[in-house]
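In mature numbering (1 follows the signal peptide of the UniProt record, and there is no 0), the protein residues as written are -38 to -1, 1 to 92.
We treat Cβ as the ideally placed atom computed from N, Cα and C, and that holds for glycine.
Predicted, not measured: the structure shown is a model, and the values here were computed from it.
Structure record follows, encoded as structure tokens.
Following this line, the structure appears as structure tokens:
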């Protein structure tokens, strides 16, 4: 039996582009810089890291596709992406140290990432139901 995949956040999927998918099952708040998501069918979890908030959010997708937040775990800042090993329940979140540089002419600030600062944070996620 194929697991059902929960509907994406409304802002992430233009429903007008897919007329047969007009009904959203559920929506959950997502912070800025949410780039990657992973679904764990065995646990029924939807995982999403947010780089600017430095949090990994875990939602229970449930059998009906309704999303309920289970946890929010602190990560390194700017850990936008993620690889997830569902067999072991380990999330890998890469990030780099950075500096925000403000130009002298009052232009827009720029992020400069520090060489040789690449870090991968590994989080082993345990099943815990409230």
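From residue i to residue j, what distance separates their C-alpha atoms?
i, j, result
"residue 87", "residue 20", "10 angstroms"
"residue -1", "residue 31", "14 angstroms"
"residue -4", "residue 71", "22 angstroms"
"residue 7", "residue 33", "11 angstroms"
"residue 52", "residue 79", "22 angstroms"
"residue 24", "residue 89", "14 angstroms"
"residue 44", "residue 50", "15 angstroms"
"residue 5", "residue 35", "17 angstroms"
"residue 27", "residue 3", "12 angstroms"
"residue 46", "residue 65", "38 angstroms"
With which residues is residue i paired in a DSSP beta bridge?
i, result
"residue 22", "7 and 30"
"residue 72", "63"
"residue 47", "52"
"residue 87", "Paired residue(s): none; residue 87 is not in a bridge."
"residue 35", "18"
"residue 2", "7"
"residue 57", "81"
Using C-beta distances below 7 angstroms, list every residue in its chain close to residue i, excluding the 5 sequence neighbours before and after it, in chain order.
i, result
"residue 37", "11, 16, 17, 18, 55 and 83"
"residue 60", "40, 73, 74, 75 and 76"
"residue -38", "For residue -38, the pLDDT reaches just 48, beneath the cut-off of 50, and the residue's location in the model is therefore unreliable, although a value from the coordinates is still provided. Here the set comprises nothing."
"residue 69", "none"
Could you say which of the options lies nearest to residue i if we only look at CA atoms?
i, options, result
"residue 57", "7, 40, 51 and 45", "40"
"residue 81", "42, 66 and 64", "42"
"residue 85", "66, 26, 65 and 48", "48"
By Cβ distance, which residues of its chain are closer than 6 angstroms to residue i, with the 5 residues on each side in sequence left out?
i, result
"residue 63", "72 and 74"
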